[in-house]
Amino acid sequence: MHSDTEQLGGQQPEDVIPVDLLLRRRPGTYSIERVFQIVADALPATIQTRWLQVPAGPWRLPDIVRNLLWCLRHCGRLVHVTGDVHYCVLALPGRRVVLTVHDLLMLTQLHGWRRRVVQKLWFDWPLRRCDIVTCISEQTKRELLALGCVRPDKIVVIPDPLSQDFVFCEKPFCSTRPRILHFNVTANKNLLRSIDALAGLPCQLRIIGQLNDEQRARLAARRIDYSNAWNLSDRDIIAEYQQCDLLLFPSLSEGFGMPIIEAQATGRPVVTSNRQPMPDTAGAAAAALVDPDNPTAIRAAIDRVIGDDDYRRRLVAAGRKNAARFAAAAIARRYSDIYRQLQAP
C-alpha cells in the first residue's frame, strides 16, 4: 500500500498531517488491517496516511527486538500503533503516538511470569509512554483502567467502523430450516455450546473458521447439519451474511463484536451474549441477548427468532438503525480530530 505522501514525492502542504499507521505482522489474520483500511479510506484529504508493517511476528523475544529497532529507524513524527504490537511504542521517543487497544484477551490466556512479562511489554510501559490510547469499546476501557497503568483522561473510546460494503439485502426468512451463521471457532466464540443448543433443531449451521477434532466430534454427536469455510475474501464474507437467516454470536469475550453490526447492517437478526461489550455493540432491543454459558437459553432465543415473525422483524429494524451508529465517516472524523490534536504545537 502506498500513501498520498509517497505519491507526492514526500512533499506536503503545510496544512497536511502525515500519519504512520503501524501494523503487526501476523499472516492469516486481517481484522485489524480491515478496520484501519476502512478508517484510512474515510479520512479527509488533509490526513495523509503511510502504511508501515513491522518486519517480524509479535511474540518471540528476537522478533520483538527486531521490530523495536525497525520502528526506531522507519517511523515518522506522528505514529498510530493500530494494535497487537503495543510494545513498539517503546521505540518511538520524541514522536507523537496513538495506541489502539482492541482487547485484553492475551492476558486472560496467560499466567504467572508470562502474564507479568506480557503485561509490562504490551500494556504497562506502552500505555504510559504514548500520548493517547483509543479503545474500541467501553468494556476494553474498563479492563485497562483495572490494570492501573493509564490515566482515565488519556483514553478515548472509538468503536470499530462498519464498511460501506455491508448494505441491507432483503431475504425471505426460512423458518422451516434456517441457515444459521456462526463466525470463528476460537474458544471465546463458544462454538461447542452453540452446537449443544442446536441439537434437534432443523437448521443448517454455517461455520466460518477451521474446525478442530473436538468441534467436529461434537457436531457429529449432536447430528448437526453443517458446512464449513475459512480464509474467505471480503466479498465472500459479505455473501455469507446475505445468504444466512440469522447470526448466532454467543461469544464469551470480545473487544467489540464486529459480526453483530455487520449482520444488522445486512438485515439479519442477531442472537448474541448478554455480556459486555456485546450489549453495547448490539444496541438496546436490537438483538436477542442470552447467557452464553447456558445452551438452553441460547436455544430458547433461537426458537423465538425463528417462530415469532413480529419479534424477528423488530430485531431487524432496530438492528439496521443501530448499525448506522458505526458509519465509517463518523469514526474517521474522530481519529482525524486526534491526529490534529497531536499535530498542534
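With the UniProt record's numbering, letter number 217 in the sequence shown gets 217, and the count goes up by one each step, no holes. All residues carry an ideal CB built from backbone N, CA and C; glycine is no exception.
If you follow the alpha helix (DSSP H) that P279 is in, where does it begin and where does it stop? M278 to A282
Take Y226 and list the residues in its own chain whose beta-carbon comes closer than 8 Å to its own, dropping the five residues that flank it on each side. Q204, L205, R206, I207 and L219
Same chain, Cβ closer than 7 Å to P126, five either side skipped, listed in chain order: H86, Y87, V89, L90 and L99
So is V233 buried or exposed if we call it buried at 16+ other beta carbons inside 10 Å? First, the residue type needs correcting, since residue 233 is Ser and not Val in the sequence shown. The residue is exposed, with fewer than 16 neighbouring Cβ atoms inside 10 Å.
Strictly by DSSP, which residues pair up with T272? F249 and L289
Is the separation between the beta-carbon of Y339 and that of V19 shorter than 8 Å? yes
Assign L212 to one of two classes, buried (16 or more other C-beta atoms within 10 Å of its C-beta) or exposed (fewer than that). In the sequence as presented, Leu is not what sits at residue 212; that position holds Asn. Label assigned to N212: exposed.
According to DSSP, N190 sits in a beta bridge with which residue or residues? For N190, which the question treats as bridged, DSSP gives no partner whatsoever.
Does DSSP put L205 in a helix, in a strand, or in coil? strand
Beta-carbon separation of A221 and R299 under 8 Å? no
Could you give the residue range of the alpha helix (DSSP H) that holds H182? First-last for H182: R179 to F183, but that is the beta strand (DSSP E), not the alpha helix (DSSP H).
Segment contact flag, the stretch 172-184 with the stretch 50-64, C-beta cutoff 8 Å, min 3 pairs: no
Any contact between the stretch 243-253 and the stretch 273-282? By contact I mean 3 or more CB pairs, one from each, below 8 Å. yes
Of the listed residues I17, G112 and L121, nearest to H80 (C-alpha basis): I17
Can you give, in chain order, each stretch of the beta strand (DSSP E) that sits fully within the stretch 101-164 and has at least 3 residues? 132-135 and 155-157
Starting from P295 and walking both ways along the alpha helix (DSSP H), at which residues does that stretch end? P295 to G307
Out of curiosity, what's the CA-to-CA distance linking G255 and L105? 8 Å
From E138 to W70, what distance separates their C-alpha atoms? 32 Å
Taking only three categories from DSSP, how would you classify V89? helix
Going by DSSP, which residues form a beta bridge with R96? L78
Buried or exposed: E240, going by 16 or more other Cβ atoms within 10 Å of its Cβ? buried
Determine, using beta-carbon pairs with one atom in the stretch 310-328 and one in the stretch 150-170, whether at least three such pairs fall under 8 Å. yes
Nearest CA to the CA of G257: which residue from P93, Q343 and T281? T281
According to DSSP, is D15 helix, strand or coil? coil
What first and last residue would you give for the beta strand (DSSP E) that runs through A229? Y226 to A229
Mark I331 as exposed unless 16 or more other C-beta atoms lie within 10 angstroms of its C-beta, in which case mark it buried. buried
Same chain only: Cβ atoms within 8 Å of residue 389, ignoring 5 sequence neighbours per side: The question about residue 389 has no answer here: the residues shown for the chain are numbered 1 through 345.
T5 versus R50 - alpha carbon distance: Reliability of the predicted coordinates at T5 is poor, the pLDDT of 41 falling under 50, and no value is obtained from them.
Enumerate in chain order the residues of its own chain whose CB-to-CB distance from T266 is below 8 Å, with the five nearest sequence positions on each side excluded. F166, V167, F168, C169, I238, Y241 and Q242
Over the uninterrupted alpha helix (DSSP H) stretch that includes R340, give me the two end residues. A328 to Q343
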